[in-house]
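Structure first, then comments.
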Amino acid sequence: MQIIEKGGPKRLKRSVKDMMIAGICGGLADYFDIDSTLVRLAFAFTVLFAGTGILAYLIMWIIVPKEDY
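Using our numbering, read the sequence shown as starting at -4 and increasing by one per residue.
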C-alpha cells in the first residue's frame, strides 16, 4: 500500500513545525502518523540504554532534507 501526498509518494522530511533540535523526531512522527512525543521517548531510550540514538540522530540530521514551509 502506497500513501499518496500532494500527487506523489510520501517522503521523510525534517519538520519545521514540530521541532526541538533539528526536526528529526517531528518528521518521523509525521511520516508514521504518530505522536512526536513517542518518537522523542524512543530516541531518549536508545541514547540512555544503547548509546546509538545520538549517532542515528546526527546521521539523519545530515541526510534527511528539511520540509518546505
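Every residue gets a Cβ at the ideal spot worked out from N, C-alpha and C, and that includes glycine.
Keep in mind it's a predicted model, so treat the numbers as computed, not measured.
- Between the C-alpha atoms of Tyr52 and Val59 there is a straight-line separation of about 10 angstroms.
- Between Ile19 and Arg6 a beta carbon distance of about 14 angstroms is seen, past the 8 angstroms cut, so the two are scored as non-contacting.
- From the listed residues Leu36, Asp63, Pro4, Ala17, the smallest Cα separation to Ile54 is found for Ala17.
- For Ala45, no alpha helix (DSSP H) segment is defined, and its DSSP state is neither H nor E.
- Distance from the CA atom of Thr32 to the CA atom of Gly3, rounded to whole angstroms, is 27 angstroms.
- By the 16-neighbour rule on beta-carbons within 10 angstroms, Gly46 is exposed.
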